[in-house]
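Contents: one structure, followed by commentary.
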Amino acid sequence: MTETDPRLLLLSPGDNVYVLRAAIEAGEEIAVEGARLRLPQRLGIGHKLARRAIPAGAKVVKYGAPIGSASADIAPGAHVHLHNLQSDYTATHSLEAARAAFETAQGERKA
Amino acid sequence: MTEGMRGWPRADGRKGIRNVVAVAYLVECAHHVAREIAMVDRMSAHVIGFPGCFPNPYAQRMMERLCTHPNVGAVLLVSLGCESFDRYALERTVAGSGRPVRTLVIQNDGGTRATIAEGRDWVAARAAEHAVAPTVPMAVSELVVGTVCGGSDGTSGITGNPAAGLAFDRLVAEGATCIFEETGELIGCEEIMAARAATPELAEELRRSVEKAARYYATLGYGSFAAGNADGGLTTIEEKSLGAYMKSGQSRISGLIKPGDIPPRGGLYLMDVVPDGEVRFGFPNISDNAEIVEMMASGAHCTLFVTGRGSVVGSALAPVIKIAANPHMYRRLSEDMDINAGRVLEGTASLAEVGAEIYDKVLAVAAGVPSASEGLGHQEFILTYKSFEPIGPSCLPV
Chain D
5 MTETDPRLLL
15 LSPGDNVYVL
25 RAAIEAGEEI
35 AVEGARLRLP
45 QRLGIGHKLA
55 RRAIPAGAKV
65 VKYGAPIGSA
75 SADIAPGAHV
85 HLHNLQSDYT
95 ATHSLEAARA
105 AFETAQGERK
115 A
Chain V
27 MTEGMRGWPR
37 ADGRKGIRNV
47 VAVAYLVECA
57 HHVAREIAMV
67 DRMSAHVIGF
77 PGCFPNPYAQ
87 RMMERLCTHP
97 NVGAVLLVSL
107 GCESFDRYAL
117 ERTVAGSGRP
127 VRTLVIQNDG
137 GTRATIAEGR
147 DWVAARAAEH
157 AVAPTVPMAV
167 SELVVGTVCG
177 GSDGTSGITG
187 NPAAGLAFDR
197 LVAEGATCIF
207 EETGELIGCE
217 EIMAARAATP
227 ELAEELRRSV
237 EKAARYYATL
247 GYGSFAAGNA
257 DGGLTTIEEK
267 SLGAYMKSGQ
277 SRISGLIKPG
287 DIPPRGGLYL
297 MDVVPDGEVR
307 FGFPNISDNA
317 EIVEMMASGA
327 HCTLFVTGRG
337 SVVGSALAPV
347 IKIAANPHMY
357 RRLSEDMDIN
367 AGRVLEGTAS
377 LAEVGAEIYD
387 KVLAVAAGVP
397 SASEGLGHQE
407 FILTYKSFEP
417 IGPSCLPV
């Protein structure tokens, strides 16, 4: 078995994503199946990271079952979330856009 | 028989693990008066009710089930007077169950102040009777335990939910009745779940219930998925569903019930909470307490509540046991939590150990130890409009 960071949890042998059992900080170097890479941003506990390349349209598999389809090509070690994974049932609602707009406006006020 | 577990016997053969006076408002217009009445004894008197003025058979049935819940020893109904709710039928049902019941009608009983005074006298008298009411021994096999999850994140499905599933497996093996939900959060799990059904006909009913949920939520345009779920690392409804499904454990599925159906015997049951027919009254369950209320209407003595983000709610009538899935959240909200399942991620406990801890907590709470939310005085309650058709003939064990 090639080396993988112990904070990455594989829930089922056929999964193509790992789950973080603890946060990993931005810029930290981690091992994913032998490959070494740096995370561009901090990832919190419970988030997902690609175990291998997942082409756009392919199923993302966790718990040994599909949890949706990749909406873009996903590189090994990349964060798998709303920007590259979509439901095969109903679209996901999040406050990400609202929060980004709020934080941008706050930044402008402070500047 | 478990050492220390005793219950209050009811005429229908069930036993209560609490002995509460339910103060039930029959329309929002009577809510304030009901709340003020219950203030006379906040630990013994719990407020429940239905806010709507238009009649709804589902709400009527739910209120009848809740007012005759095994944890309820007496019922005070508080009516404004002009609402559509059938208070006569509700009072008859409660009286028929052998419980003391009284109806106050604000429009006939002198308005706010006089109704509150009269209600408080009645509640205080019942609470005094309850303090000396006899109890009888109660077995694990007589327990009905529900499970819900709320404020889920990427940890819920790998710590708290599978640990709750292990506790469920043990309770079911010992003859208890366990109920999991909700079909809108089992989307994507229909095939693996159907494979666990006791009969092929039940398997088909389980599949159909999830298909119905998928259609219903597709019409509404939103899945059963809150913004905080995404912050916690969950991306899609299927992913959230697979995590939620872990709560059900590994037991054979004995039946499919709808809110208010009381399982005929021990075993594991799925509750179908999504209304039948066309989309009529909006979202099936507008927040977690709606699900807890439905568990209680089907007889749950207590409910396991797994949370990753950190829900703090409890419930009127039946204790809620909080299982923290996320170890960081547990440290922030430890006073609100009963169990720290997040230890599984930190390597300081196994799933089996946390499952055993949950099982022990259920028995302790059933024996009278207050759960965290109960001790903090949480008594949330919500009931909204819905419509259901009766369950099919293959849904219950023969």
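Protein sequences appear in the order of chains D and V.
Read in our numbering, the first sequence has 113 at position 109, and its numbers run on one by one without any break.
Read in our numbering, the second sequence has 147 at position 121, and its numbers run on one by one without any break.
Cβ atoms here follow ideal geometry from the backbone N, Cα and C, with glycine treated the same way.
In chain order, I213 place their CB closer than 6 Å to the CB of A240(V), counting only its own chain and leaving out the 5 sequence neighbours on each side. Here the C-alpha atom of F251(V) lies approximately 29 Å from the C-alpha atom of V198(V). The beta carbons of S267(V) and L294(V) sit no closer together than 8 Å.
In terms of Cα proximity to G254(V), the closest of T108(D), E100(D) and F106(D) is E100(D).
Fewer than three pairs of CB atoms, one per stretch, sit closer than 8 Å, so the segment 302–317 of chain V makes no contact with the segment 100–120 of chain V.
One finds D179, G180, D257, G258, G259 and H354 in chain V with Cβ atoms closer than 9 Å to the Cβ of G48(D), taken in chain order. The criterion of a C-beta distance shorter than 8 Å is satisfied by V299(V) and E207(V).
Restricting attention to alpha helix (DSSP H) runs no shorter than 4 residues, the segment 60–147 of chain V encloses them at 83–93 and 113–122, ordered along the chain. With fewer than 16 other Cβ atoms inside 10 Å of its own Cβ, I312(V) counts as exposed.
Residue-level contact by beta carbon fails for A60(D) and chain V, as no gap is shorter than 8 Å. Between K114(D) and chain V, the shortest Cβ-Cβ separation is not below 8 Å. K41(V) is positioned such that its CB atom lies no closer than 8 Å to that of M219(V).
Inter-residue distance for L228(V) and S235(V) is about 10 Å (C-alpha atoms, whole angstroms). In its chain, beyond the 5 residues on either side, Y22, V23 and R25 have a beta carbon closer than 7 Å to the beta carbon of L13(D). In this structure, L53(D) sits near G81(D), with a CB-CB distance shorter than 8 Å. In this structure, the CA atom of G31(D) is about 5 Å from the CA atom of R42(D). If you ignore the 5 residues before and after T225(V), its C-beta comes within less than 7 Å of the C-beta of S420, all in its own chain and listed in chain order.
Check the Cα spacing between P35(V) and each of H57(V), A100(V) and P81(V): the tightest is with A100(V).
In this structure, the CA atom of A69(D) is about 26 Å from the CA atom of G336(V).
Listed along chain V, the residues sitting closer than 9 Å to Q90(D) by beta-carbon distance are T261 and T262. Residue state for G210(V) is assigned as helix, using DSSP reduced to three classes.
N352(V) carries a coil assignment under DSSP once its states are collapsed to helix, strand and coil. L371(V) sits away from T245(V), with the two beta carbons spaced by 8 Å or more. Interface criterion not met: the Cβ of Y51(V) is under 8 Å from no Cβ in chain D. Looking at the backbone, the Cα of I365(V) and that of A392(V) are separated by about 16 Å. As DSSP reads the structure, P70(D) sits in a beta bridge with V65(D).
Within 9 Å of the CB of R25(D), the CB atoms of chain V belong to T181, I184, V370, L371, E372 and G373, in sequence order along the chain. As DSSP reads the structure, G33(V) sits in a beta bridge with V162(V). The continuous alpha helix (DSSP H) containing S267(V) extends over residues I263 to Y271. A contact is defined here as three or more CB-CB pairs under 8 Å, and the segment 53–68 of chain D meets this definition with respect to the segment 79–96 of chain D. With respect to chain D, the C-beta atom of Y243(V) has a partner C-beta closer than 8 Å.
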